[in-house]
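Residue numbering for the sequence shown follows the numbering used here, starting at 711 and increasing by one per position. Glycine included, every Cβ here is placed at the ideal spot set by N, Cα and C. What follows is a single structure, written as structure tokens, with notes after it.
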Amino acid sequence: MVLNSGPSEICSLGSLNPGDQAEIVALNAEHSPEDYFRRLLEIGFLVGERLEVLNEAPVSKNPVCIKIKDATYALRREEADCISVKRLR
């Protein structure tokens, strides 16, 4: 899901590919359970944090492996779609 195009493209985290870097711009709580949203905040998925997509499962592309600071997380694509990011070039 791309919200706009151009140098600072806003999209869902789930649409990024391995090697892509991005900055979190919003967490969309209305599309996720409240406890999941709270857990994302607790582990560091905060607005303004920069992240990198490390890799994804080879066939299904699910889950996707994300690095924030020194921590690595695996998220299902549908979970990652609840996070809006600004792609960094």
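8 Å CB neighbourhood of residue i in its chain, flanking five on each side removed
i      : result
ALA781 : ILE753, GLY754
SER722 : MET711, ALA790, ASP791, CYS792, ILE793, SER794, VAL795
VAL769 : none
CB of residue i within 9 Å of CB of residue j, strictly
i      : j      : result
ILE734 : LEU756 : yes
LEU737 : LEU751 : yes
Same chain only: Cβ atoms within 6 Å of residue i, ignoring 5 sequence neighbours per side
i      : result
GLN731 : GLU762, LEU798
LEU713 : Here the model assigns LEU713 a pLDDT of 49, short of 50, so the residue's position is not dependable and the matter cannot be decided.
Sequence-distant residues of the same chain with beta carbon closer than 7 Å to residue i, five excluded per side
i      : result
GLY758 : GLU733, ILE734
Whole-angstrom C-beta distance between residue j and residue i, which should lie under 8 Å
i      : j      : result
PRO728 : GLU766 : 6 Å
Heavy atom of the ligand MN within 8 Å of residue i beta-carbon
i      : result
GLY754 : In terms of ligand content, the structure shown is empty, and the ligand MN therefore cannot be addressed.
Selected residue, minimal CA-CA separation from residue i, among the options
i      : options                : result
GLY724 : LYS779, VAL774, ARG760 : VAL774
If you scan the region 719-783 from start to end, which runs of the beta strand (DSSP E) of 3 or more residues do you find wholly inside it?
720-722, 731-737, 760-766, 774-778
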